[in-house]
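Each remark here refers to the structure printed beneath this line.
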Amino acid sequence: MIRRKTQLDSTGCGLACVAMLGDIGYAQARSLARQLGIVPKAPGEASGGATRGRRKAYYTSANELARMLRLLGARPGRERMLERADALDSDGILGINPNPRDGSWHWVVYIHDDDGGYVLDPNPRVRSERRNDLRRMRCRSFLPVHSRTD
32 MIRRKTQLDS TGCGLACVAM LGDIGYAQAR SLARQLGIVP KAPGEASGGA
82 TRGRRKAYYT SANELARMLR LLGARPGRER MLERADALDS DGILGINPNP
132 RDGSWHWVVY IHDDDGGYVL DPNPRVRSER RNDLRRMRCR SFLPVHSRTD
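Position one of the sequence shown corresponds to residue 32 (my numbering), numbered consecutively onward.
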């Protein structure tokens, strides 16, 4: 059974999703990310811009999450774009609530079950263990993930 883990960094939702699906702690996921060169970047840092006073962020792509999951023994599929979660038929990492202003989104774990599925949201402000309000989520993309036991 996959357990919900919350992100400890403001933009660590992808790391928390890897921790959930890889059955490791958040700190281990952060350490693995750093080993792979997935390090927090401040806005403008990649292009050489001034970063003093700006908060660093762990923005992660589906490819980076897939790399981490493979090292943990999971089998991620190919990321696909989608608009609605009700078409999903497997477990994986779902990108939701895209922000057109800065190009970011939020990663959550989608668990498929006989009742249509639910989401484990790593955001610590979300109080419920499972989210069933899939219709309220604006979907961006989905990274299917088969665990070590599938």
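Glycine residues also receive a C-beta, built at the ideal position from the N, C-alpha and C atoms. All of these numbers come straight from a predicted model, not from anything done at the bench.
query                                                                                                         : result
Candidates T37, D122, L46, of which the one nearest Y90 by Cα                                                 : L46
R162 - partner residues in DSSP beta bridges                                                                  : V150
Span of the alpha helix (DSSP H) around Y141                                                                  : Counting along the chain, Y141 falls outside any alpha helix (DSSP H), though it belongs to the beta strand (DSSP E) covering 135-142.
Whole-angstrom distance between S41 and V157, CA atom to CA atom                                              : 13 Å
Contact under 9 Å by Cβ, G108 with C170                                                                       : no
Check whether I55 and L103 have beta carbons under 9 Å apart                                                  : yes
Other residues of its chain near A105: CB distance less than 7 Å, five sequence neighbours each side excluded : L52, G53, V176, H177, S178, R179
Environment of A58 [buried if 16+ CB atoms lie within 10 Å]                                                   : exposed
Counted within 10 angstroms of its Cβ, other Cβ atoms place L67 as buried (16 or more) or exposed             : exposed
Y149 versus S92: straight-line alpha-carbon distance, rounded                                                 : 22 Å
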